[in-house]
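Input: a single structure, listed below in structure tokens.
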Amino acid sequence: MNDISAKVLKGDQRSIARLITLTENGSPLAVNGLREIHPYTGKAYVIGITGVMGSGKSTLIYELTREYRRQGLKVGIIAIDPTSPFSGGALLGDRIRMMDLATDNGVFIRSMGTRGMLGGLASAVYDVVEILDASGKDIILVETVGVGQAEVDIIKIADTTLVVLVPGLGDSIQTIKAGIMEIADIYIVNKADRSGVEQAVAELESLIEIACTGKDRKTPVLTTIAKENKGIVELIKEIEKHKIYLKKTKIFDVKRRKRYEAELVEIIRKRLMDFIFDESTFKGKVESLIDQISKKQVDPYTAADEILGKILK
Amino acid sequence: MDQKIRVLVAKPGLDGHDRGAKIVARALRDAGMEVVYTGLHQTAEMIVETAIQEDVNVIGLSLLSGAHMTLFIDVTKLLKEKGLNDVLVIGGGIIPEEDIAKLKKIGVSGVFGPGTHCEDIVKFIHKNVKK
Chain A
1 MNDISAKVLK GDQRSIARLI TLTENGSPLA VNGLREIHPY TGKAYVIGIT GVMGSGKSTL
61 IYELTREYRR QGLKVGIIAI DPTSPFSGGA LLGDRIRMMD LATDNGVFIR SMGTRGMLGG
121 LASAVYDVVE ILDASGKDII LVETVGVGQA EVDIIKIADT TLVVLVPGLG DSIQTIKAGI
181 MEIADIYIVN KADRSGVEQA VAELESLIEI ACTGKDRKTP VLTTIAKENK GIVELIKEIE
241 KHKIYLKKTK IFDVKRRKRY EAELVEIIRK RLMDFIFDES TFKGKVESLI DQISKKQVDP
301 YTAADEILGK ILK
Chain B
314 MDQKIRVLVA KPGLDGHDRG AKIVARALRD AGMEVVYTGL HQTAEMIVET AIQEDVNVIG
374 LSLLSGAHMT LFIDVTKLLK EKGLNDVLVI GGGIIPEEDI AKLKKIGVSG VFGPGTHCED
434 IVKFIHKNVK K
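In the order they appear, the protein sequences are chains A and B. Letter by letter, the first sequence follows residues 1 to 313 of the numbering used here. Letter by letter, the second sequence follows residues 314 to 444 of the numbering used here.
Pasting the structure below:
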């Protein structure tokens with residue numbers, strides 16, 4: 001076994017960080033490490049936290065982590081922020097609300113840019129979950145980018161998905177019932193010290209009543225005031241109840257299988273794209289086809305066939 | 314391979330002025346870097362531990378309180394102790410001319426005062442960062 005893999009398994013912070021960087025950069029060195037740690041994964045429970053911008057996701061994660069630490073559990077946090085499609089850079093600011101955790105050796109926090117992935121996650125996030133899992137974390141919290149409606153990929157990775165809302169969204173809850181309103185295992189109305197909480201909870205509950213007909217589990221709605229640590233213990237109990245439900249109904253195994261499916265698809269997608277768009281593969285073929293499409297000498301579908309035809313012989 | 318430069322922008326100590334740090338953070342993002350911003354009132358331990366977990370190539374320290382000779386040194390000392398010798402450390406804020414040479418000696422490779430152009434910081438990082 002590689003030195004770095006062995007150290008990751010021992011929970012060494014620097015080795016975990018290094019392997020994540022290699023993975024994010026698509027380094028061949030990372031693949032060996034990821035191969036070696038895979039047999040040691042699957043123990044951590046993965047909680048996804050998604051919701052609209054400014055709903056308090058980071059603060060909620062901070063409070064959840066402190067509570068899990070009180071219970072003696074080790075926590076990994078993956079905080080994802082959008083990469084600029086223009087510059088390729090990213091401003092990763094989720095840590096601001098979690099800095100008190102920086103020096104706790106039982107917590108590992110990593111900020112990630114989406115690096116071109118849509119859906120609210122980063123391309124390497126599956127691998128980072130595996131790395132944190134192998135490093136001995138009991139709980140992994142994944143914070144998606146602040147979402148609108150379509151960023152629902154978190155359910156491919158999380159065992160329990162929390163959707164965080166705030167009072168005052170009002171009727172808009174009704175209008176956003178597609179997308180993120182379909183993926184919650186637990187709803188949280190955070191900032192419950194603001195006015196309009198009862199209304200928000202009532203609207204959510206009426207929405208759930210329509211949606212959950214015939215289901216054996218009703219999606220719970222909780223209220224929290226994360227910055228005052230209110231409702232956090234109750235939230236953890238609710239997550240635990242969901243975990244028990246998943247195990248009892250075997251949905252847990254289905255979810256885990258789906259995660260590996262998504263991970264496999266992502267690895268293939270990334271490798272295929274890298275291969276096609278690697279300059280050495282077709283030596284300017286892609287560029288020249290784009291030129292031809294612009295000049296109407298070829299249509300985009302014929303151009304795509306030409307590239308794919310070379311691979312799918 | 315898609316190697317991005319990762320930068321930690323941190324404000325050590327008791328100093329509430331973060332406009333400059335935010336402007337620099339944004340400029341570095343616009344230059345294609347991944348910038349982790351810590352917010353205010355960081356201890357040296359928090360900064361170094363964050364640098365480890367985020368595996369950054371660069372640490373940018375911003376300070377306008379006058380305590381740079383203490384706080385910058387705390388950070389560079391701790392970095393050495395932890396064996397993070399390949400991280401480029403730069404500083405900014407209100408730093409008197411006579412302190413700049415001293416700071417360079419203790420491992421703050423570049424010091425950028427008021428009036429600095431953001432692109433000069435970007436250039437400096439590209440030239441000096443260890444990948």
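Ideal Cβ positions, reconstructed from N, Cα and C, are used throughout, including at glycine.
- Under the Cβ distance rule, M99 of chain A counts among the residues neighbouring chain B, one pair being separated by less than 8 angstroms.
- Straight across, the Cα-Cα distance linking I180 of chain A with E234 of chain A is about 22 angstroms.
- Taking the CA atoms as reference points, P220 of chain A sits about 9 angstroms from A184 of chain A.
- Rounded to the nearest whole angstrom, the C-alpha separation of I307 of chain A and V265 of chain A is 20 angstroms.
- Its chain contains A357 as the residues whose beta carbon lies nearer than 6 angstroms to that of D387 of chain B, once the 5 sequence neighbours on both sides are disregarded; these appear in chain order.
- In the structure shown, F86 of chain A adopts coil according to DSSP, grouped into three states.
- Per DSSP, the unbroken beta strand (DSSP E) holding M112 of chain A starts and ends at 107-113.
- Look at A124 of chain A: its C-beta is not under 8 angstroms from any C-beta on chain B.
- In the DSSP assignment, L222 of chain A falls within the unbroken beta strand (DSSP E) covering 221-223.
- Under the three-state reduction of DSSP output, I157 of chain A falls in the coil class, being neither helix nor strand.
- Excluding the 5 residues flanking it on each side, A340 of chain B has same chain C-beta neighbours closer than 6 angstroms at C431, in chain order.
- Per the coordinates, the alpha-carbon of L91 of chain A lies some 33 angstroms from the alpha-carbon of T281 of chain A.
- From the beta-carbon of Q13 of chain A, the residues of chain B found nearer than 9 angstroms are E362, I365, Q366.
- Fewer than three Cβ pairs drawn from the stretch 70-81 of chain A and the stretch 192-211 of chain A lie within less than 8 angstroms of each other, which leaves the two stretches out of contact.
- The Cβ atoms of I139 of chain A and A17 of chain A lie no closer than 8 angstroms to each other.
- Beta-bridge partners assigned by DSSP to V8 of chain A: none are found.
- Per DSSP, the continuous alpha helix (DSSP H) segment holding R35 of chain A begins and ends at 28-37.
- M98 of chain A sits buried, since 16 or more C-beta atoms from the chains shown fall within 10 Å of its C-beta.
- DSSP places R319 of chain B inside the beta strand (DSSP E), whose first and last residues are 319-323.
- For the options A:T160, A:E203, A:E198, A:L222, the alpha carbon positioned closest to that of Y187 of chain A is the one of A:L222.
- Rounded to the nearest whole angstrom, the CA to CA distance from G404 of chain B to I109 of chain A is 24 angstroms.
- Contacts between N229 of chain A and chain B, judged by CB atoms closer than 9 angstroms, are missing: the closest CB pair is about 19 angstroms apart.
- Chain B has a Cβ within less than 8 angstroms of the Cβ of T103 of chain A.
- V361 of chain B and V371 of chain B have their C-alpha atoms spaced approximately 11 angstroms apart.
- Pairing S5 of chain A with V164 of chain A, the inter-Cα distance amounts to about 35 angstroms.
- With 16 or more neighbouring CB atoms inside 10 Å of its own CB, Y68 of chain A falls in the buried class.
- Residues of the same chain with a CB within less than 6 angstroms of the CB of I225 of chain A, apart from the 5 flanking positions on each side, are A192, D193 in chain order.
- The beta-carbon distance between A134 of chain A and I37 of chain A, rounded to whole angstroms, is 4 angstroms. This is short enough to meet the 8 angstroms contact definition.
- R339 of chain B belongs to the set of residues whose beta carbon lies under 8 angstroms from a beta carbon in chain A.
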